[in-house]
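Enquirer: Starting off with a structure, shown below.
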Ligand SMILES: Cc1ncc(COP(=O)(O)O)c(C=O)c1O
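In the working numbering, the protein residues as written are 53 to 472.
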């Protein structure tokens, strides 16, 4: 694949505005760093050596192309449309996050930076950042809300083994948005030698466009694999979970101009979208525009514009904002945005494991759960592609809790009693 950088009608303008969304709303001292990043990024895009180096890393380091797998048992069990799984969880480090980490690490090196910093929720982006930092010999600090630090402990452990410093953020709601704030503060203090390796298709310009571009490989591979491996011209439906929006925009991007392909983003409905603070579904009920963390988009906020608390069983979707291109795609009705609740996510997790032998990340199980509702309503001639954005190893504690697994609880108790 020679050209991985696409242009669509939904692209940002030169100032990084996706119509009324996006932009660059940051303290004055970050403007030169963002301008430098933008300039370096657009130069790198034109440099065939950059694309070649990135493609080599995708292939030989991360293991791309990831398989596009026809989930025959799962499809037959649901009865209806055929379901294909884009297995991003089979990437090195276990999720799609490595795609934009490799791209941004190469850029950081081009800009002469020696240190990477990142925010992380589920820990997958932090893990991928720590991984590329180790590979390229860079220093690395990862910020994580204290709640996420505790519930995604396996990833904290691995980040530290990779040489990263992982800092639990104790203020605010101790979740992803507080980790973003802490990372921005670090960047302001250390902008000369540090690149902020942002983990989703959000933040100030050029991040939303740049992260999308590095994730577009997912959709481009789907196009090729559907044709070459299954003789299918295009999918009827693509479903992806939406936190900040990087895995979703990556798989949607090559199909945005083709209105015959139905695109569905699935938000975290948590414990139900009826009550404040119990979900992270930004686009479901009277979405509110705000400017937070450097960009304009929809944020869960109270009547005074304060960002609301969120909840999701999956740390990676537990975030009050959504990337600005998704805001535009929602407004233009090009992408449908729906939600599922935690309970449905666990059901999807179980069913996929039992029918296909695939342990998927809880974030990705949001897309699976929505497909479980949609597939039976469609004919077997229709094809659905689900972006399985990550694998579920990191979720072992959460799933064991949700399933009230007594043997696991006993094991943890015994482990904690063991003498060193
Ligand atoms: C496996 C997985 N999928 C999805 C997400 C959500 O992020 P995004 O919406 O940027 O793809 C995360 C975030 O941590 C994740 O770890």
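Glycine included, C-beta positions come from ideal geometry on N, C-alpha and C.
Could you check where the beta strand (DSSP E) with residue 196 kicks off and where it finishes?
Expert: 191–197 is the span of the beta strand (DSSP E), which, as asked, contains residue 196.
Enquirer: Within the same chain, show all residues whose beta-carbon is closer than 7 angstroms to that of residue 18, passing over the 5 residues directly before and after it, in chain order.
Expert: As shown, the chain starts at 53 and ends at 472. That puts residue 18 outside it, with no answer to give.
Enquirer: By how many angstroms is the C-alpha of residue 346 removed from the C-alpha of residue 276?
Expert: For residue 276 and residue 346, the distance between alpha carbons rounds to 36 angstroms.
Enquirer: What are the boundary residues of the alpha helix (DSSP H) that includes residue 55?
Expert: Segment: none, residue 55 is in no alpha helix (DSSP H) and carries neither H nor E.
Enquirer: Taking only three categories from DSSP, how would you classify residue 383?
Expert: Looking at residue 383 - three-state DSSP - the assignment turns out to be helix.
Enquirer: Report the three-state DSSP secondary structure of residue 86 (helix, strand or coil).
Expert: Reduced to three states, the DSSP call for residue 86 is helix.
Enquirer: So does residue 138 have its beta carbon nearer than 7 angstroms to some heavy atom of ligand 1?
Expert: Flag unset: Cβ of residue 138 not near ligand 1.
Enquirer: Starting from residue 342 and walking both ways along the beta strand (DSSP E), at which residues does that stretch end?
Expert: Taken as a continuous stretch (DSSP letters only), the beta strand (DSSP E) holding residue 342 covers 341–344.
Enquirer: Name the two residues that bound the continuous alpha helix (DSSP H) containing residue 205.
Expert: Counting along the chain, the alpha helix (DSSP H) containing residue 205 begins and ends at 205–213.
Enquirer: Buried or exposed for residue 464, please, with buried defined as at least 16 other CB atoms from any protein chain shown within 10 angstroms of its CB.
Expert: Residue 464 should be labelled exposed.
Enquirer: With 16 other CB atoms within 10 Å as the buried threshold, where does residue 223 fall?
Expert: Counting Cβ neighbours within 10 Å, residue 223 comes out exposed, since fewer than 16 surround it.
Enquirer: Indicate whether residue 391 and residue 325 have their beta-carbon atoms separated by less than 8 angstroms.
Expert: The answer is yes: Cβ separation under 8 angstroms.
Enquirer: Mind checking whether the beta-carbon of residue 176 lies closer than 7 angstroms to any heavy atom of ligand 1?
Expert: Result yes, Cβ under 7 angstroms from ligand 1.
Enquirer: Note the first and the last residue of the continuous alpha helix (DSSP H) segment covering residue 468.
Expert: 458–469 is the span of the alpha helix (DSSP H), which, as asked, contains residue 468.
Enquirer: Am I right that residue 364 and residue 296 are in contact with their C-beta atoms under 8 angstroms? What's the rounded C-beta distance?
Expert: Not quite, the Cβ-Cβ distance comes to about 13 angstroms (not below 8 angstroms), so this is no contact.
Enquirer: If you drop the 5 nearest sequence neighbours on each side, which residues of the same chain put their C-beta closer than 8 angstroms to that of residue 194?
Expert: Same-chain partners within the cutoff: 169, 170, 171, 172, 178, 181, 182, 211, 216, 217, 218, 219.
Enquirer: What is the rounded straight-line gap between the Cα of residue 203 and the Cα of residue 373?
Expert: Going by the C-alpha atoms only, they are around 21 angstroms apart.
Enquirer: Between the C-alpha atoms of residue 413 and residue 161, what's the straight-line distance to the nearest angstrom?
Expert: Their Cα atoms are separated by approximately 31 angstroms.
Enquirer: Is it the case that the Cβ atoms of residue 93 and residue 258 are separated by a distance below 8 angstroms?
Expert: Yes, the Cβ-Cβ distance between residue 93 and residue 258 is below 8 angstroms.
Enquirer: For the alpha helix (DSSP H) containing residue 259, list its first residue and its last residue.
Expert: Counting along the chain, the alpha helix (DSSP H) containing residue 259 begins and ends at 259–267.
Enquirer: Hey, could you find the ends of the beta strand (DSSP E) residue 407 is sitting in?
Expert: Segment 394–408 is the alpha helix (DSSP H) holding residue 407; no beta strand (DSSP E) there.
Enquirer: Between residue 408 and ligand 1, is there a pair consisting of the residue's CB and a ligand heavy atom that are separated by less than 7 angstroms?
Expert: No, ligand 1 has no heavy atom inside 7 angstroms of this Cβ.
Enquirer: Tell me whether the beta-carbon of residue 141 lies closer than 8 angstroms to the beta-carbon of residue 147.
Expert: Cβ atoms of residue 141 and residue 147: closer than 8 angstroms.
Enquirer: I'd like to check one pair, residue 407 with residue 129: are the Cβ atoms closer than 8 angstroms?
Expert: Going by C-beta atoms, residue 129 is nearer than 8 angstroms to residue 407.
Enquirer: On the premise that residue 467 lies in contact with residue 75, defined as a C-beta separation below 8 angstroms, what is that separation, rounded to the nearest angstrom?
Expert: At roughly 49 angstroms, the Cβ-Cβ gap does not stay under 8 angstroms, so residue 75 and residue 467 are not in contact.
Enquirer: Figure out for me which residue from 394, 437, 424 has the closest Cα to the Cα of residue 450.
Expert: Ranking 394, 437, 424 by Cα distance to residue 450 puts 394 first.
Enquirer: Measuring only the C-alpha atoms, how far is residue 420 from residue 175?
Expert: Cα-Cα distance, rounded: 21 angstroms.
Enquirer: I need the straight-line Cα distance from residue 444 to residue 411, nearest angstrom please.
Expert: Their Cα atoms are separated by approximately 5 angstroms.
Enquirer: Is it right to say residue 358 is buried, meaning 16 or more other beta carbons lie within 10 angstroms of its own, or is it exposed?
Expert: Exposed.
Enquirer: Kindly confirm or deny that the segment 422–435 and the segment 294–311 touch, where touching means at least three C-beta pairs closer than 8 angstroms.
Expert: Not touching, per the Cβ criterion.
Enquirer: Flag residue 420 as yes when its Cβ comes closer than 7 angstroms to any non-hydrogen atom of ligand 1, and as no otherwise.
Expert: Checking the Cβ of residue 420 against ligand 1 gives no.
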